[in-house]
Structures are given as structure tokens and as C-alpha cells.
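Colleague:
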Amino acid sequence: MPIYDFHCDTCGPFAALRSIAERDRPAPCPVCGTIAARQLTAPSLALMSGERRIAHATNERAAHAPRQSGEGAASRHRPGCGCCSGGRATLAGASGGSAIGAAGGGGAAGALKRPAGRPWMISH
1 MPIYDFHCDT CGPFAALRSI AERDRPAPCP VCGTIAARQL TAPSLALMSG ERRIAHATNE
61 RAAHAPRQSG EGAASRHRPG CGCCSGGRAT LAGASGGSAI GAAGGGGAAG ALKRPAGRPW
121 MISH
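Counting from 1, one number per residue, gives the positions in the sequence shown under full-length UniProt numbering.
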């Protein structure tokens, strides 16, 4: 339950712990018992420590615009893309990297081969 501020004309300001459903109802003053209206006040950010203020700002930012792990320049391309990862590897026996040679890509040991059938599946 949140704490609401009220102002008694006789005794001055006081705070009361109330449910949200009762937020707009007047509250009795704890000293004199007269009915006091709710007072709208600014949050006490100036009285908070710097660490707590930063925690509040981080929490608000996370609630409205959460950061994701892939944000930033690195997320524009997947890892290992051809434009960002440096030199491009070519298929063995390929001319210019665009076609496979007559041997079907069989060439030097360790060279890349054209994937068979289903390239997204990992062989067992």
C-alpha cells in the first residue's frame, strides 16, 4: 500500500498509508481528527542518495524501453557475416567463389565444401 500526503488546516501536513482504492478520499488528521484533503506533492528525488536515484532511473528506463542483448551496431548482422568478419573464404575449386569446380568442390584439405542436402542440420 502506498503512502499518501494530506494537509490538515489546523495541524499541517501528514502522511497516511492507504490502499489505492482510497487514494482520493479525505483522511482524518491523526492529531486533531478533522478531515484533511489529499495533497499532491512531487517525489522526493532531491532528498535521495545518488545511488538510489540512479536505481530509480534504471528501473523506469527498463520498464518503458528495456535493452536487449543484441542492441547496437553488432546486432545489425549475425555473427560471422561476410561484410563484418574480414576476408571471405571461398569454396574449394571455385572460380571467384561463386561456383563449384568440376570436381564437386573436392580440393585442398581443410577447404570449404558446398553443404549437402540440408545445411541447417548438424551431422551426427
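In this text, a Cβ means the ideal position worked out from N, Cα and C, and glycines have one as well.
Looking only at its chain, what residues have a beta carbon closer than 8 Å to the beta carbon of residue 26, apart from the 5 residues adjacent to it on each side?
Modeller: Along the sequence shown, read from residue 1 onward, the residue named residue 26 stands at position 26. Once the five neighbours on either side are set aside, the close Cβ partners of residue 26 are 6, 35, 36, 37 and 38.
Colleague: On a Cα-Cα basis, can you pick out the residue from 16, 9 and 10 that is closest to residue 1?
Modeller: The residue you call residue 1 lines up with position 1 of the sequence shown. Considering only alpha carbons, the answer is 16.
Colleague: What separation, rounded to the nearest whole angstrom, lies between the Cα atoms of residue 3 and residue 21?
Modeller: Position 3 of the sequence shown, counted from the first residue, corresponds to residue 3. Position 21 of the sequence shown, counted from the first residue, corresponds to residue 21. Straight-line Cα distance between these residues: approximately 13 Å.
Colleague: Which residue marks the beginning of the beta strand (DSSP E) containing residue 20, and which one marks its end?
Modeller: Counting from 1 along the sequence shown, the entry for residue 20 is found at position 20. Note, residue 20: premise wrong, no beta strand (DSSP E); not H, not E.
Colleague: What is the rounded straight-line gap between the Cα of residue 32 and the Cα of residue 13?
Modeller: If you number the sequence shown from 1, residue 32 lands on position 32. If you number the sequence shown from 1, residue 13 lands on position 13. If you take the alpha carbons of residue 32 and residue 13, they lie about 12 Å apart.
Colleague: In angstroms, rounded to a whole number, what distance separates the CA positions of residue 58 and residue 30?
Modeller: Numbered from 1 along the sequence shown, position 58 holds the residue referred to as residue 58. Numbered from 1 along the sequence shown, position 30 holds the residue referred to as residue 30. If you take the alpha carbons of residue 58 and residue 30, they lie about 36 Å apart.
Colleague: Work out the CA separation of residue 42 and residue 51 for me, nearest whole Å.
Modeller: As a working note, residue 51 is residue 51 in the sequence shown. As a working note, residue 42 is residue 42 in the sequence shown. Approximately 19 Å, taken between the alpha carbons.
Colleague: Smallest Cα separation from residue 10: which of 19, 28, 40 and 24?
Modeller: Here residue 10 corresponds to residue number 10 of the sequence shown, with the count starting at 1. It is 28 whose Cα lies nearest to the Cα of residue 10.
Colleague: Can you check whether the C-beta of residue 36 is within less than 7 Å of a C-beta belonging to chain C?
Modeller: Going by chain labels, chain C is absent from the structure shown, which holds only one protein chain.
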